[in-house]
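S.K.: Could you have a look at this structure, given as structure tokens, before my questions?
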Amino acid sequence: MKTIPFFRASTPLTPAERLAKRNLVIKDTLALLSIFAVTCVLAVLTWLIFRSYSQHQSDAAARWKRRGEQALQNHNAQAAVYDLRTALGYGQDDPATQIELADALAQAGRLQEATSYFNTLWEKQPGNGYINLQLARLAAQQGQRSTALERYQAAIYGVWEGDGAVRRRAVRLELVRYLIQENRFAEARDQLLIAAGNDKSTPTLMAVAGLLAEAHAPSDALRFYREVAGRRPVEVQALEGAGEMAFQLGRYTMARGYLDRALKGCSAAHPLKNQALAEKNLQISNAVVAIYPSEELPQRERLLRVVSAYEVAQKRYTACANGDAGQNQAPQNGSLQIQNSEQIAALGNRWRNAKPRLTVAALVDSEQLEKTAMQLVYDTEQVTVRVCGEPTGKDAVLLRIAASPNSVEQQ
Amino acid sequence: MSTAETTTHSKMGTAAPSLPETMPSVEPLQMSQIDMLKIAPTRDERLFLVLSIFIGIISGLLVVSFRVAINWVQALTLGSAPQPGLLRLIFVPVIMGSVVAALVQLVFPGARGSGVNQTKAALYIYNGYISFKTVIGKFITSALALGAGFSLGPEDPSLQIGAGVASVISRRLGMSRQRLRLFAPVGAAAGLAAAFNAPIAAILFVIEEVIGRWSAAVLGSVVLSAISSVVVARRFWGSQPMFQIPSLTVTDSRELLAYAVLGVIGGLAASIFSHALGYLRPRLRSLPRWTFFVQTPIAGLGVGLIGFFGFPQVMGPGYEVMNRAMHGQFLWTTLLALALLKILATTLSFSSGTPGGMFAPTLFIGAMLGASIGTFEKIHFPNLHITVGAYALVGMGVLFAAFLRVPLTSVFMVLEVSGNYSIILPVILANTIAYLVSRTLQPHSIFEVFTHQDGLDLPSMEEQREEVVLHLEDALRPLSVPIIDAGETLSSAAAELDAKQAEVFLVKLPGHAWYSMTRAELGNLAVVSAPGTVVASVLKADRIPLLFPDLPLDSALPHLARWPILPIQNRASRGSVEGTVTLADVLSRYQAN
Numbered sequence: 268m269k270t271i272p273f274f275r276a277s278t279p280l281t282p283a284e285r286l287a288k289r290n291l292v293i294k295d296t297l298a299l300l301s302i303f304a305v306t307c308v309l310a311v312l313t314w315l316i317f318r319s320y321s322q323h324q325s326d327a328a329a330r331w332k333r334r335g336e337q338a339l340q341n342h343n344a345q346a347a348v349y350d351l352r353t354a355l356g357y358g359q360d361d362p363a364t365q366i367e368l369a370d371a372l373a374q375a376g377r378l379q380e381a382t383s384y385f386n387t388l389w390e391k392q393p394g395n396g397y398i399n400l401q402l403a404r405l406a407a408q409q410g411q412r413s414t415a416l417e418r419y420q421a422a423i424y425g426v427w428e429g430d431g432a433v434r435r436r437a438v439r440l441e442l443v444r445y446l447i448q449e450n451r452f453a454e455a456r457d458q459l460l461i462a463a464g465n466d467k468s469t470p471t472l473m474a475v476a477g478l479l480a481e482a483h484a485p486s487d488a489l490r491f492y493r494e495v496a497g498r499r500p501v502e503v504q505a506l507e508g509a510g511e512m513a514f515q516l517g518r519y520t521m522a523r524g525y526l527d528r529a530l531k532g533c534s535a536a537h538p539l540k541n542q543a544l545a546e547k548n549l550q551i552s553n554a555v556v557a558i559y560p561s562e563e564l565p566q567r568e569r570l571l572r573v574v575s576a577y578e579v580a581q582k583r584y585t586a587c588a589n590g591d592a593g594q595n596q597a598p599q600n601g602s603l604q605i606q607n608s609e610q611i612a613a614l615g616n617r618w619r620n621a622k623p624r625l626t627v628a629a630l631v632d633s634e635q636l637e638k639t640a641m642q643l644v645y646d647t648e649q650v651t652v653r654v655c656g657e658p659t660g661k662d663a664v665l666l667r668i669a670a671s672p673n674s675v676e677q678q
Numbered sequence: 005m006s007t008a009e010t011t012t013h014s015k016m017g018t019a020a021p022s023l024p025e026t027m028p029s030v031e032p033l034q035m036s037q038i039d040m041l042k043i044a045p046t047r048d049e050r051l052f053l054v055l056s057i058f059i060g061i062i063s064g065l066l067v068v069s070f071r072v073a074i075n076w077v078q079a080l081t082l083g084s085a086p087q088p089g090l091l092r093l094i095f096v097p098v099i100m101g102s103v104v105a106a107l108v109q110l111v112f113p114g115a116r117g118s119g120v121n122q123t124k125a126a127l128y129i130y131n132g133y134i135s136f137k138t139v140i141g142k143f144i145t146s147a148l149a150l151g152a153g154f155s156l157g158p159e160d161p162s163l164q165i166g167a168g169v170a171s172v173i174s175r176r177l178g179m180s181r182q183r184l185r186l187f188a189p190v191g192a193a194a195g196l197a198a199a200f201n202a203p204i205a206a207i208l209f210v211i212e213e214v215i216g217r218w219s220a221a222v223l224g225s226v227v228l229s230a231i232s233s234v235v236v237a238r239r240f241w242g243s244q245p246m247f248q249i250p251s252l253t254v255t256d257s258r259e260l261l262a263y264a265v266l267g268v269i270g271g272l273a274a275s276i277f278s279h280a281l282g283y284l285r286p287r288l289r290s291l292p293r294w295t296f297f298v299q300t301p302i303a304g305l306g307v308g309l310i311g312f313f314g315f316p317q318v319m320g321p322g323y324e325v326m327n328r329a330m331h332g333q334f335l336w337t338t339l340l341a342l343a344l345l346k347i348l349a350t351t352l353s354f355s356s357g358t359p360g361g362m363f364a365p366t367l368f369i370g371a372m373l374g375a376s377i378g379t380f381e382k383i384h385f386p387n388l389h390i391t392v393g394a395y396a397l398v399g400m401g402v403l404f405a406a407f408l409r410v411p412l413t414s415v416f417m418v419l420e421v422s423g424n425y426s427i428i429l430p431v432i433l434a435n436t437i438a439y440l441v442s443r444t445l446q447p448h449s450i451f452e453v454f455t456h457q458d459g460l461d462l463p464s465m466e467e468q469r470e471e472v473v474l475h476l477e478d479a480l481r482p483l484s485v486p487i488i489d490a491g492e493t494l495s496s497a498a499a500e501l502d503a504k505q506a507e508v509f510l511v512k513l514p515g516h517a518w519y520s521m522t523r524a525e526l527g528n529l530a531v532v533s534a535p536g537t538v539v540a541s542v543l544k545a546d547r548i549p550l551l552f553p554d555l556p557l558d559s560a561l562p563h564l565a566r567w568p569i570l571p572i573q574n575r576a577s578r579g580s581v582e583g584t585v586t587l588a589d590v591l592s593r594y595q596a597n
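Same order as they appear, the protein sequences are chains A and B. Count along the first sequence starting at 1, add 267, and that's the number in this note's numbering. Count along the second sequence starting at 1, add 4, and that's the number in this note's numbering.
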């Protein structure tokens, strides 16, 4: 007998058994076929149900996402949180919706939740620039300085979709603003110099220069303003910025030049940031240049200015020492009062030893006298401002020069 | 062939097909008259494997439909986005609870409960029988209950649906009773694997909880069915793991302490959950029968109120909420509240007899606890690189191990649902601690508690773990009987035994083989043999089997009917006897235990 592997028999079968066996084979085959048919029918039914369900899921996800985005646009962050969460319930793997939800949480002021959510997103994409930036902002809002700085740095060097260079620069400038806010001016300056090194375009240099000014780095700010001011077409705000920085640095001759050009070049189409300030500083710069005994001037004119300054300072000292100039209104502690008294006494000694009246002829004879006289003038203005308060008129101008006499004409 | 098997086969039908003309006309035999072992000795075994695949596929399809049905019911009744304050959160569970209670009490009584114990009972008590009606009932009532927000899960019903499918198919094919029994776990594994998208965890769970012991006979089919069902489920849901968390690296060993804390808290939570269920369920079941119609709606009201007053997340299986917890979308206080309220909601839902499973609530509670601890530690210990998702995931495993008492399954479950093997160290640590804490506080697993409450007594691996397994070394006696060389003559051997007054002795044979006999046997042989006959020549052909000290004690029993004494040999030194055991030794050792 031929052995059927599926029903291998060890002993010969009787005819009745063979028939029963054949019946069993047919029966089992039919049973398996019927199970197969049931499986096929069930598979088709399941597929239809599932397709309908999937369609419902994706429709619902899209609908809720649209609602969430609309709510975000309407600045209704709480509603956006709810809508976007629901959208994610229907399509959990949509990273864009996840980020939108985290944004919505942050906008809704739910900072801990937003941080937690962004942290989870960050764990999936630690190099994502946007997620790092949002985490940095959240950390900054929550006063977590080190985390904020770490995340800002990660955002700068992170992955950005689209124009990465522009976004990185924007993040760097945002970091700089944060550093300035935290009074970390040196770090801010470093970041700004990197930003300027990466992009020499006018808008970037203008932004960098402005932030450098805020970061107490007027010298660097002046450099970039001047660089932009040298370009064509001339940017009046660059002229204004250069003028302001030069003014802050005591470089009045330069300030006068830039501020003058800025004011002349500005218009409704090209306004200055602060025209009133520019006009005021130009006026002061003109006054400084008008009395500064410049080496560039003819000798007599320069010495006349020295004599004039000497007389102004002498009067200022006399008035201050006699109490006619009034006393500094600012409250002073004991030690400072003693210090001021000692300084005014020392200044008095110097004036008593100095010539009571300075002449051009005497100055011509002695170059040293000119220097000594101007030094006495500057010292007088600086001591009297502490003892007798802010000066006015020429004293005020001389006080500005006294702050940095050598800078006035520095280019 | 046993009577039962004969009876089973008698149901296979008797219609004889028309015979070919070439064959002699033979009166067809009734199946009851056929010796199946003769005409188809391997039929059951091979059909078993083929059917396992079919069972897996059908179970997978049914489970996918089941999950879709739950979601549809939820969308149609609770809406696409349930939020606190919606009155439907109260009305829907109450109304749907009434419908479910009526269906369970009047139409589908077998659909009550989770399905795990019912499957286990089918395996051990009802010869693998689960009615088709129960399968349909489980599908419908569970889908309605879970969709309406009852705090239960779809996995245990999926397990029972799978087991029911297997039972129906195997009965249809007229398998033997032995095979019918084995089909229930095969289907159970398929159903669970499809529900979890985790074949290994499903296989282990079925072995740990349903079968209750490792069984080589069923392992192949369980694997086949589980794989088949998962392939089907993945065709629909996709192959990505259920939960996606970033890869975890424990760089600071102190972080393991944090996971250990999670293990302790998880063990305590599991104990609370277990005690709550163990307290409420029998009390509700002991109430008059008419109350069964209102228990489910009342439980629905309780769950609905929790949802209405601020925590709709506890309603339904809660997988989406678990995912949100893993993504750190909740405050740690909210997570803790959700864990506690889920315990309450699930206790109400399950104790009322609502069809639905314990897996999803267990995972939910674990995820919330884990995420809560993770979030707390992330805030207060910023130096540790805490990943909230990892804590939630470990928390799931912790509750699974502590509450369901399936430590092995819990580890693989976490690995499979996350697809993340980097988490294994914290999972093992936390699960072990939770398991030990929970066992200390509650000696029995929750399914065992339910079994006893239902008046059943089913085996469990948990019980086996408690059992003291005796080995041969426990009954071993030092070698004190004489050893006779096979080359000695019968007369000298008899003289030696007489001198030592030994009743039994061992014969050492070439090739490290041993033989044992009594002095009386030797004496009889000596009488009928010629002088100078050596011992080896009169011995029978069989030899004492190799037995070692580490073998189970019962492994000696079959041989003690033949041999008066058994030498126990050293595994490292063949032929070297470490001691002996006799039937009296074995029995006295068992009695002493």
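We put the beta carbon where it would ideally sit given N, CA and C, even for glycine.
For Ala371/B, which three-state DSSP category applies?
M.R.: Indexing the second sequence from 1 puts residue 371/B at position 367. Three-state result, Ala371/B: helix.
S.K.: May I ask you to list, following chain order, the residues of the stretch 316–330 of chain A that have a beta carbon less than 9 Å from some beta carbon of chain B?
M.R.: Of all residues in the stretch 316–330 of chain A, Ile316, Phe317, Ser319, Tyr320, Ser321, His323, Gln324, Ala327, Arg330 have a Cβ within less than 9 Å of some Cβ in chain B.
S.K.: With a Cβ-Cβ cutoff of 7 Å, do Gly579/B and Leu483/B count as a contact?
M.R.: For this step, residue 579/B is matched to residue 575 along the second sequence. For this step, residue 483/B is matched to residue 479 along the second sequence. Their beta carbons are not under 7 Å apart, which means Gly579/B does not touch Leu483/B by this criterion.
S.K.: Nearest by alpha-carbon distance to Thr81/B: which of Phe143/B, Ile129/B, Ala149/B is it?
M.R.: Looking up residue 81/B in the second sequence gives position 77. Nearest option by C-alpha distance: Ala149/B.
S.K.: Can you list, in chain order, the residues of the stretch 374–403 of chain A whose Cβ is nearer than 8 Å to any Cβ on chain B?
M.R.: Listed by position, the residues of the stretch 374–403 of chain A near chain B (Cβ gap below 8 Å) are Gln379, Glu380, Ser383, Tyr384, Asn386, Thr387, Leu388, Glu390, Lys391.
S.K.: Apart from the five residues on each side of it in sequence, which residues of its chain come closer than 8 Å, Cβ to Cβ, to Gln374/A?
M.R.: The residue given as residue 374/A occupies position 107 in the first sequence. Same-chain partners within the cutoff: Leu339, His342, Ala344, Ala347.
S.K.: For the beta strand (DSSP E) containing Pro565/A, name the first residue and the last one.
M.R.: Reading the first sequence from its first residue, position 298 is the one you call residue 565/A. Here Pro565/A belongs to no beta strand (DSSP E), and DSSP marks it neither H nor E.
S.K.: Name, in chain order, the residues that DSSP records as bridge partners for Trp518/B.
M.R.: Residue 518/B sits at position 514 when you count from the first residue of the second sequence. Trp518/B pairs with Lys512/B.
S.K.: Comparing the C-beta of Gln332/A with each C-beta of chain B, is any distance below 7 Å?
M.R.: Locating residue 332/A in the first sequence gives position 65, where the first residue counts as 1. In the sequence as presented, Gln is not what sits at residue 332/A; that position holds Lys. Not one chain B Cβ lies under 7 Å of Lys332/A.
S.K.: Considering only DSSP beta bridges, list what Pro556/B is partnered with.
M.R.: In the second sequence, counting from the first residue as 1, residue 556/B sits at position 552. For Pro556/B, which the question treats as bridged, DSSP gives the partners His475/B.
S.K.: Taking C-beta pairs closer than 7 Å, name the residues in chain B that Ala302/A reaches, listed in chain order.
M.R.: As a working note, residue 302/A is residue 35 in the first sequence. Reading the sequence as shown, one finds Ile at residue 302/A and not Ala. Residues of chain B passing the Cβ test: Phe58, Ile173.
S.K.: Go ahead and pull the three-state DSSP assignment for Val538/B.
M.R.: Residue 538/B sits at position 534 when you count from the first residue of the second sequence. Val538/B falls in the strand class under three-state DSSP.
S.K.: Name, going along the chain, the residues of the stretch 303–324 of chain B whose beta-carbon falls closer than 8 Å to a beta-carbon of chain A.
M.R.: Those would be Glu324, in chain order.
S.K.: Could you pull the DSSP bridge partners for Gly361/B from this structure?
M.R.: Position 357 of the second sequence, counting from 1, holds the residue named residue 361/B. Looking at the DSSP assignment, Gly361/B forms a beta bridge with Gly157/B.
S.K.: Would you check if the stretch 192–210 of chain B and the stretch 226–233 of chain B touch, i.e. whether three or more CB-CB distances between them fall below 8 Å?
M.R.: With a cut-off of 8 Å, the stretch 192–210 of chain B and the stretch 226–233 of chain B count as touching, because enough Cβ pairs lie within range.
S.K.: Hey, how far is the Cα of Val292/A from the Cα of Asn201/B?
M.R.: Start at 1 with the first residue of the first sequence, and residue 292/A comes out as number 25. Start at 1 with the first residue of the second sequence, and residue 201/B comes out as number 197. Distance between the alpha carbons of Val292/A and Asn201/B: 36 Å.
S.K.: I'd like to confirm the pairing. Which residues does DSSP put opposite Val426/A in its beta bridges?
M.R.: Position 159 of the first sequence holds residue 426/A. Note: Val426/A sits in a beta bridge opposite Asn395/A.
S.K.: Which class does Arg653/A belong to by DSSP, given the choice of helix, strand or coil?
M.R.: Within the first sequence, the letter at position 386 stands for residue 653/A. Three-state DSSP puts Arg653/A in a helix.
S.K.: Comparing C-alpha positions only, which one of Leu550/B, Arg289/B, Phe451/B, Ala497/B sits nearest to Leu476/B?
M.R.: On the second sequence, residue 476/B is found 472 positions in, with the first residue counted as 1. The shortest C-alpha separation from Leu476/B is found at Leu550/B.
S.K.: Measuring only the C-alpha atoms, how far is Leu344/B from Ile369/B?
M.R.: Looking up residue 344/B in the second sequence gives position 340. Looking up residue 369/B in the second sequence gives position 365. If I take the Cα positions, the gap works out to 8 Å.
S.K.: Grouping DSSP H, G and I as helix and E and B as strand, with all else coil, what is Pro88/B?
M.R.: Your numbering for residue 88/B matches position 84 in the second sequence. Correct three-state label for Pro88/B: coil.
S.K.: Give the C-beta separation of Gly282/B and Val441/B to the nearest angstrom, bearing in mind that I take them to be a contact with Cβ-Cβ under 8 Å.
M.R.: Here residue 282/B is taken as the residue at index 278 of the second sequence, counted from 1. Here residue 441/B is taken as the residue at index 437 of the second sequence, counted from 1. Incorrect: roughly 17 Å between the Cβ atoms, too far for contact.
S.K.: From the beta carbon of Gly335/A, is the nearest beta carbon of chain B less than 7 Å away?
M.R.: For the purposes of this step, residue 335/A is identified with residue 68 of the first sequence, where counting begins at 1. Not one chain B Cβ lies under 7 Å of Gly335/A.
S.K.: Which value, in whole angstroms, describes the spacing of the CA atoms of Ile427/B and Pro245/B?
M.R.: Within the second sequence, numbered from 1, the residue matching residue 427/B stands at position 423. Within the second sequence, numbered from 1, the residue matching residue 245/B stands at position 241. The straight-line gap from Cα to Cα measures roughly 14 Å.
S.K.: Lys288/A touches chain B at which residues, Cβ-Cβ below 7 Å?
M.R.: Along the first sequence, one-based indexing puts residue 288/A at 21. Simply Ile43, Ala44.
S.K.: Please list, in chain order, the residues of the stretch 166–199 of chain B that have any C-beta partner in chain A closer than 9 Å.
M.R.: If the cut-off is 9 Å between Cβ atoms, the stretch 166–199 of chain B has Ile173, Arg176, Leu177, Gly178 near chain A.
S.K.: Bridge partners of Leu570/B, per DSSP?
M.R.: Walking along the second sequence from the start, residue 570/B turns up at place 566. Looking at the DSSP assignment, Leu570/B forms a beta bridge with Val585/B.
S.K.: For the beta strand (DSSP E) containing Ile347/B, list its first residue and its last residue.
M.R.: Numbered from its first residue, the second sequence carries residue 347/B at position 343. Premise fails: Ile347/B lies in the alpha helix (DSSP H), 336–355, not in any beta strand (DSSP E).
S.K.: Please confirm whether Val392/B and Ala375/B have their CB atoms less than 7 Å apart.
M.R.: For the purposes of this step, residue 392/B is taken as the residue at position 388 of the second sequence. For the purposes of this step, residue 375/B is taken as the residue at position 371 of the second sequence. It is a contact, given that the beta carbons lie within the stated cut-off.
S.K.: Please list the segments of the alpha helix (DSSP H) lying wholly inside the stretch 153–237 of chain B, counting only runs of 4 or more residues, in order along the chain.
M.R.: Segments of the alpha helix (DSSP H) lying fully in the stretch 153–237 of chain B: 159–176, 181–200, 203–209.
S.K.: When the Cα atoms are used, what is the spatial distance from Gln635/A to Gln642/A?
M.R.: If you number the first sequence from 1, residue 635/A lands on position 368. If you number the first sequence from 1, residue 642/A lands on position 375. Going by the C-alpha atoms only, they are around 11 Å apart.
S.K.: Using a threshold of 7 Å, state whether the C-beta atoms of Ala369/A and Tyr357/A are closer than that.
M.R.: For the purposes of this step, residue 369/A is taken as residue 102 along the first sequence, with counting starting at 1. For the purposes of this step, residue 357/A is taken as residue 90 along the first sequence, with counting starting at 1. Result no, Cβ atoms of Ala369/A and Tyr357/A do not sit closer than 7 Å.
S.K.: How should Thr319/A be labelled, buried or exposed, when 16 other C-beta atoms within 10 angstroms of its C-beta is the threshold for buried?
M.R.: Taking the first residue of the first sequence as 1, we reach residue 319/A at position 52. Looking at the sequence itself, residue 319/A is Ser, so the reference to Thr does not match. By the neighbour-count rule (16 or more Cβ atoms within 10 Å), Ser319/A is not buried but exposed.
S.K.: CB Leu494/B to CB Ala530/B, shorter than 7 Å?
M.R.: Working through the second sequence from its first residue, we reach residue 494/B at position 490. Working through the second sequence from its first residue, we reach residue 530/B at position 526. Yes, these two residues count as a Cβ contact at 7 Å.
S.K.: Does any residue of chain B bring its CB to less than 7 Å from the CB of Thr313/A?
M.R.: If you number the first sequence from 1, residue 313/A lands on position 46. Yes - at least one Cβ of chain B is within 7 Å of the one on Thr313/A.
S.K.: Quick check: is the beta carbon of Thr391/B nearer than 7 Å to any beta carbon in chain A?
M.R.: What you label residue 391/B is simply residue 387 of the second sequence in a count that begins at 1. Yes - at least one Cβ of chain A is within 7 Å of the one on Thr391/B.
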